[in-house]
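Undergrad: What follows is a structure written as structure tokens; I'll ask about it next.
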Amino acid sequence: AAFAVGQIVGPMVVSALVHRPYGFTAALLAAAAVLLLAALSLWRSSGGETRA
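Right, here's the structure in full:
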């Protein structure tokens, strides 16, 4: 479900930001931040353990 939300919201965010100065860069940074937050959330939900 989260993937589908990203597929819908992502293009809308890019469309809103692309006309601003450095808009595409801002959209890429926003996407990277969301990806990082998702990774941290998954890592924390797994107990914060790493596998070798």
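If you count by the numbering used here, then the sequence shown holds residues 4 to 55, one letter each, in order. Where a beta carbon is used, it is the ideal one built from N, C-alpha and C, also for glycine. Being a predicted model, the structure only gives us computed values, none of them experimental.
Compare the beta carbon distance of G51 and A34 with 9 Å and say whether it is the shorter of the two.
TA: Cβ distance not < 9 Å, so G51 and A34 don't count as in contact.
Undergrad: Is A42 buried or exposed, if buried means 16 or more other CB atoms sit within 10 Å of its CB?
TA: Its Cβ having fewer than 16 others within 10 Å, A42 is exposed.
Undergrad: Report all residues from its chain with a CB closer than 6 Å to the CB of G26; omit the five preceding and five following residues, and keep chain order.
TA: L20.
Undergrad: At which residues does the alpha helix (DSSP H) containing S44 begin and terminate?
TA: First-last of the alpha helix (DSSP H) with S44: G26 to S48.
Undergrad: Helix or strand or just coil, what does DSSP make of V16?
TA: Reduced to three states, the DSSP call for V16 is helix.
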